[in-house]
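If you read the sequences in order, they're chains A and B.
The numbering used here applies: residue 1463 is where the first sequence begins, and numbers increase by one.
The numbering used here applies: residue 1463 is where the second sequence begins, and numbers increase by one.
Heads up, the beta-carbon is just placed ideally off N, CA and C, and yes, glycines get one too.
Take a look at the structure set out below.
Protein chains: 2
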Amino acid sequence: MSPRGELQNERMRAEAVEKITAAALSVFAEYGYAGATMKRIAERAGLSYGLVYHYFPSKADVFRSLVDFALESTIAGMQMILNQPGTAWERLERWSEVLIPNALAGASSRYFLIMLQAMTQARTVPGLLEHINERTAVYFQALAPVIREAQQAGDAVDGDPEVLATAFLSFLQGLALFVFHREELAKSVTPEMLMSVLRKR
Amino acid sequence: MSPRGELQNERMRAEAVEKITAAALSVFAEYGYAGATMKRIAERAGLSYGLVYHYFPSKADVFRSLVDFALESTIAGMQMILNQPGTAWERLERWSEVLIPNALAGASSRYFLIMLQAMTQARTVPGLLEHINERTAVYFQALAPVIREAQQAGDAVDGDPEVLATAFLSFLQGLALFVFHREELAKSVTPEMLMSVLRKR
DNA sequence: GTCTATACACTGATAGAC
DNA sequence: GTCTATCAGTGTATAGAC
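This is the structure we're talking about:
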């Protein structure tokens, strides 16, 4: 029997981590941080209990990695869209059109749930709250100037751009929550409704 | 020593239940259902561990009583305001003006957090999810006709009234979430912003 | 790299004294 | 009515075999 190549090992590891991450995503979204168990994550991943600890030092670290991915990928997506050409209002509209399906359907909707779980009950995870506050600040830093630009163009309603950004993001997170309980209704909410928070009357 | 009167006993019980409820409200809001412990609730109430179980059969029951109070009191408040005289739009505005401060400040803001916790991670509490879905249906049943009336009067935007109600309530719940992380910003959100979701353009 | 078995701490709930 | 002590169950994390 020839020894496994380093490349093959790397692939096995990547696959295991992938399985654990996917399972953890669904378990945390469903049960919350405290309610989720490592046993359940291992089962849903189809791996043994011990192996999860081979790849992640602790339950908190599994959760942190999910939160980080959720934060970084949405931030990257936002910045990409907001930096494209077009008027400020058009760029905000384009972002909404991406955001709404993401928050309400598909795999990425789970990440919105994870963020919700993290924000509501991750006080027990050391440093997580600070990290979230730090990274979500980026949303405001990126959004506020665009909103201000839209105000100057006469498209967006008057008011503190950061407050408007807060309203916008709150609305979005709230929608992700309602998908669980009123799925059909929540999925009928349109990007236009989200934009109505910012639109000049 | 004269025996305690029945009246005095009743008062002691009411006081203990009050203390437990207040403590549980803050602990559940802070840690979530699974993360909260009966020990912590007893400590925060300033009572012994055993006494909590003397008044509540289980942790789930403590939580359920909070969720129930949150649901029933907001439903009662909503129905009272929506049944007052005035145009449909005026009544919706009046409700928003009550809702925003409630969701964002004071003791009742905690109840919004409890509802959030219940909706995100109360799968483990038997029957709770069904109960929530049942009772929140009342919101839609009460809101939809008023929104439809406002549409006919030309004040509210077109679209399925239930979907609009979903957007409205999602926004509100999302705001309650952001109070924890961006308190000053969230508190600057106005009833007018909430109403913009429904307003005809 | 993957697994099973186990140590150790914590939590929900109960029993029984005062 | 209020308390302390305790039981049974569960959960995180680790050890060590293959």
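Shorter than 8 angstroms from the beta carbon of A/VAL1587 to some beta carbon of chain B?
With its beta carbon at least 8 angstroms from every one in chain B, A/VAL1587 lies outside the interface.
Go through its chain and collect everything with a Cβ distance to A/ARG1663's Cβ below 8 angstroms, but skip five positions before and after it.
Counting only Cβ-Cβ distances below 8 angstroms, and skipping sequence neighbours, we find VAL1619.
Determine, using beta carbons only, whether B/ILE1420 and B/PHE1518 come nearer to each other than 8 angstroms.
Outside the displayed range of chain B (1463 to 1663) lies residue 1420 of chain B, so it cannot be described from this structure.
Delimiting residues of the alpha helix (DSSP H) encompassing B/ASN1595
It spans 1590-1614 - the alpha helix (DSSP H) in which B/ASN1595 sits, taken as one unbroken run.
Exposed or buried, what is A/GLU1472 when buried is set at 16 or more other beta-carbons lying within 10 Å of its beta-carbon?
Only exposed fits A/GLU1472, as fewer than 16 other CB atoms lie within 10 angstroms of its CB.
May I ask you to report which of helix, strand or coil DSSP gives A/ALA1569?
Correct three-state label for A/ALA1569: coil.
Quick check on the DSSP output: the alpha helix (DSSP H) that includes A/GLY1548 runs from which residue to which?
Note, A/GLY1548: premise wrong, no alpha helix (DSSP H); not H, not E.
Over the uninterrupted alpha helix (DSSP H) stretch that includes B/SER1658, give me the two end residues.
B/SER1658 -> no alpha helix (DSSP H), and no H or E assigned at all.
Mind checking whether A/THR1586 and B/GLN1579 have CB atoms under 8 angstroms apart?
No, these two residues do not count as a Cβ contact at 8 angstroms.
So if I threshold CB-CB distances at 7 angstroms, which residues from the segment 1516-1532 of chain A count as touching chain B?
Per Cβ criterion, the list is empty.
By a C-beta neighbour count over all protein chains shown, 10 Å radius and 16 as the cutoff for buried, is A/SER1520 buried or exposed?
So A/SER1520 ends up on the exposed side.
Chain A contact for B/GLY1636 (CB, 8 angstroms cutoff):
With its beta carbon less than 8 angstroms from one in chain A, B/GLY1636 belongs to the interface.
Can you tell me which of the three DSSP states B/ALA1584 falls into?
Assigned with DSSP and collapsed to three states, B/ALA1584 falls in coil, not helix or strand.
Going by other Cβ atoms of all chains shown within 10 Å of its Cβ, with 16 needed for buried, is A/LEU1469 buried or exposed?
The residue in question, A/LEU1469, is exposed, as its Cβ has fewer than 16 Cβ neighbours within 10 Å.
So the candidates are B/THR1549, B/LEU1566, B/ILE1543; which of them puts its Cα closest to the Cα of B/TRP1557?
The alpha carbon of B/TRP1557 has as its nearest neighbour, out of B/THR1549, B/LEU1566, B/ILE1543, the alpha carbon of B/ILE1543.
For B/ALA1604, I'd like the list of residues in its chain whose CB is within less than 7 angstroms of its CB, leaving aside the five on either flank, ordered along the chain.
Once the five neighbours on either side are set aside, the close Cβ partners of B/ALA1604 are MET1540, GLN1541, LEU1544.
Determine the extent of the alpha helix (DSSP H) in which A/THR1499 is found, giving its start and end residues.
Taken as a continuous stretch (DSSP letters only), A/THR1499 belongs to no alpha helix (DSSP H), as it is neither H nor E.
For chain B, check one thing: does any of its Cβ atoms lie closer than 8 angstroms to the Cβ of A/TYR1493?
By the rule that beta-carbons nearer than 8 angstroms mark a contact, A/TYR1493 touches chain B.
Contact residues within the segment 1553-1573 of chain A, judged by C-beta distance below 8 angstroms to chain B:
Result list empty, no residue passes.
Mind pulling the chain B residues with CB within less than 8 angstroms of A/GLU1624?
Chain B residues near A/GLU1624: LEU1647.
In whole angstroms, give me the CA-to-CA distance for B/HIS1593 and B/LEU1634.
If I take the Cα positions, the gap works out to 20 angstroms.
Taking the straight line between their C-alpha atoms, what separation do you get for A/LYS1649 and A/PHE1630?
About 17 angstroms.
What separation, rounded to the nearest whole angstrom, lies between the Cα atoms of A/MET1655 and B/LEU1626?
For A/MET1655 and B/LEU1626, the distance between alpha carbons rounds to 8 angstroms.
Proximity of B/LEU1554 and B/ALA1612 at Cβ, strictly below 8 angstroms
Less than 8 angstroms separates the beta-carbon of B/LEU1554 from that of B/ALA1612.
Could you check how far apart the C-beta atoms of A/LEU1590 and A/LEU1528 are, in whole angstroms? I think they sit under 8 angstroms.
So it is not a contact: roughly 11 angstroms between Cβ atoms.
Just reading off the alpha helix (DSSP H) that B/ALA1629 is part of, what are its end residues?
Counted as a single uninterrupted DSSP element, the alpha helix (DSSP H) harbouring B/ALA1629 occupies residues 1623-1643.
Does any residue of chain A have a CB that is nearer than 8 angstroms to the CB of B/SER1658?
For B/SER1658, the answer is yes, since a Cβ of chain A falls inside 8 angstroms of its Cβ.
Excluding the 5 residues preceding and the 5 following B/ALA1532 in the sequence, name in chain order all residues of the same chain whose CB lies nearer than 7 angstroms to its CB.
These residues qualify, in order along the chain: TYR1573, ILE1576, MET1577.
Taking the C-alpha atoms as reference points, what is the distance between B/ALA1504 and B/TYR1515?
The straight-line gap from Cα to Cα measures roughly 10 angstroms.
Nearest by alpha-carbon distance to B/THR1536: which of B/PRO1607, B/ARG1597, B/LEU1639 is it?
Considering only alpha carbons, the answer is B/ARG1597.
In the DSSP assignment, what are the bridge partners of A/ALA1618?
For A/ALA1618, which the question treats as bridged, DSSP gives the partners A/ARG1661.
Could you tell me the distance, in whole angstroms, from the CA atom of B/LEU1639 to the CA atom of A/GLU1477?
Linking B/LEU1639 to A/GLU1477 through their CA atoms gives a straight-line distance of about 35 angstroms.
Give every residue of the same chain whose Cβ lies closer than 6 angstroms to the Cβ of B/GLU1645, excluding the five residues on either side of it in the sequence, and list them in chain order.
Excluding its 5 nearest sequence neighbours in each direction, B/GLU1645 has no C-beta neighbour in its own chain below 6 angstroms.
Answer yes or no: does any C-beta atom of chain B fall closer than 8 angstroms to that of A/ARG1502?
Cβ-Cβ to chain B under 8 angstroms: no for A/ARG1502.
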